[in-house]
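Let me begin by presenting the structure, written as structure tokens, before commenting on it.
In this note's numbering, the protein residues as written are 49 to 497.
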């Protein structure tokens, strides 16, 4: 081969290689490929091992397994589940004397103006649909019924996550384990299962509603209505369906929620229904509990601006402290203004996303953690769908700042509120997750809901 032809071949090889290898695009002063390639291999030896570890799906699958094993083991080892015991008592009262099932709760609220500690009938302030839900376990011995309900709630949580996993439908090799890693870590999920609450039932109904929205808005609305009959906040998911589905969805949700509620109130009679709303529901919504585990958005303002007492760790137990500020009027105004702001932000983000149903309905569902006056650790669970969707989309789009901020907010849940001198750290972390999900609505504009 002549010298000119050889120079042409070398030049073409360099041009072709430069488009694939940025290190060769810089070129070596000698123009000799045999010199450039060893440099590239040396750089790869320095960088690749670290990058290979932190970008390998197996790492995140392993971390996910560790957190899920933790949830299972600690749930099994929990000595008592007072919330389930209260549900069992409510189901038993609904079977035996429904017209007087709320007498104990009304008496306690009237005497102390707070909801009783969980475990007995005096703490059962949930509507009759929840009592009906507890009837099957109320037919069992108390110890057996409590464990059976815990298994039912855990199974419902798993099905709900599987439904959302199908809706997200990510094919990214890292996004899939990150989904299960965030779910397994999320402390409110563990709080719900270990306490034997009913968050799993709410979540599976809400996720079924999201999953069915594309196929049948009527069935999706019925699933949402079942959830709304147990807790009223899932009705906020009506902001999320596609515009052409929204009316049918809202009608189905409203009809299902009202029908289930009305039917379950029949055993109480008209007098029992009025008694429940006047002496149980309304007083419970206005309760002011100093418990450190009680960390709603309202308490963030009423404690630190309004001067309400609250408990913090001190010595061998807890002590009641009070903020030096006593601006009760401002605190009350901010609590109501924040609720309106959250609702408006969810609607705005849903619109900005092009009415992506899964994203928008998850934001509506998340309002159930941010707006109520009473929020215990397990009641932050409605934030989970939005957090999972945000994590998956951020991984897919390589939004590292978003992932870092989300991780920082999730770390705010690491310790239980009653282990903190600032119990409302969970509140701040929850607001951060919601604001981040609202702000990143552009991640969902082209997503297929």
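In this text, a Cβ means the ideal position worked out from N, Cα and C, and glycines have one as well. Note that the coordinates shown come from a computational prediction; the quantities given were computed from them, not determined experimentally.
- Here DSSP, grouped into helix, strand and coil, assigns residue 368 to strand.
- In the three-state reduction of the DSSP assignment, residue 127 falls in the coil class.
- For residue 360, the enclosing beta strand (DSSP E) has its first and last residue at 358-362.
- Straight through space, the alpha carbons of residue 462 and residue 275 are spaced by roughly 28 Å.
- The DSSP assignment places 151-160, 176-186 as complete runs of the alpha helix (DSSP H) inside the region 133-205, in order along the chain (cut-off: 4 residues).
- About 7 Å separates the Cβ atoms of residue 416 and residue 284, confirming a contact at the 8 Å cut-off.
- Taking C-alpha positions only, residue 113 is separated from residue 298 by approximately 39 Å.
- With a cutoff of 7 Å on beta-carbon distance, residue 348 and residue 475 are scored as near each other.
- Pairing residue 341 with residue 465 gives a Cβ-Cβ distance under 7 Å.
- By the Cβ neighbour-count rule, residue 289 is buried, with 16 or more other Cβ atoms within 10 Å of its own.
- Under the criterion of beta carbons closer than 8 Å, residue 296 and residue 269 qualify as touching, at roughly 7 Å.
- A distance of 7 Å or more separates the beta carbons of residue 170 and residue 186.
- DSSP places residue 217 in the coil class of the three-state scheme, outside both helix and strand.
- Taking C-beta atoms as the reference points, residue 258 and residue 135 fail to come closer than 7 Å.
- Excluding five sequence positions before and after residue 162, the CB atoms of its chain that fall closer than 6 Å to its own CB belong to 335, 337, given in chain order.
- The Cβ-Cβ distance between residue 236 and residue 425 falls below 7 Å.
- Cβ contact annotation for residue 203 (same chain, cutoff 8 Å, sequence separation greater than five): 248, in chain order.
- Ranked by Cα distance from residue 130, the options 194, 104, 215 are led by 194.
- According to the DSSP assignment, residue 444 belongs to the alpha helix (DSSP H) that extends over 432-444.
- If you check the CB distance, residue 177 and residue 278 come in under 7 Å.
- DSSP places residue 227 in the uninterrupted alpha helix (DSSP H) bounded by 223-233.
- Relative to residue 392, the option among 331, 374, 212, 414 whose CA is nearest is 414.
- DSSP places residue 451 inside the alpha helix (DSSP H), whose first and last residues are 448-459.
- Distance from the CA of residue 355 to the CA of residue 382, rounded to the nearest whole angstrom, comes to 14 Å.
- Secondary structure of residue 401 (DSSP, three-state): coil.
- With fewer than 16 neighbouring CB atoms inside 10 Å of its own CB, residue 369 falls in the exposed class.
- A Cβ-Cβ separation of about 27 Å leaves residue 122 out of contact with residue 281 under the 8 Å criterion.
- Within 10 angstroms of the beta-carbon of residue 363 lie fewer than 16 other beta-carbons, which makes it exposed.
- DSSP, reduced to helix, strand and coil, places residue 327 within a helical segment of the structure shown.
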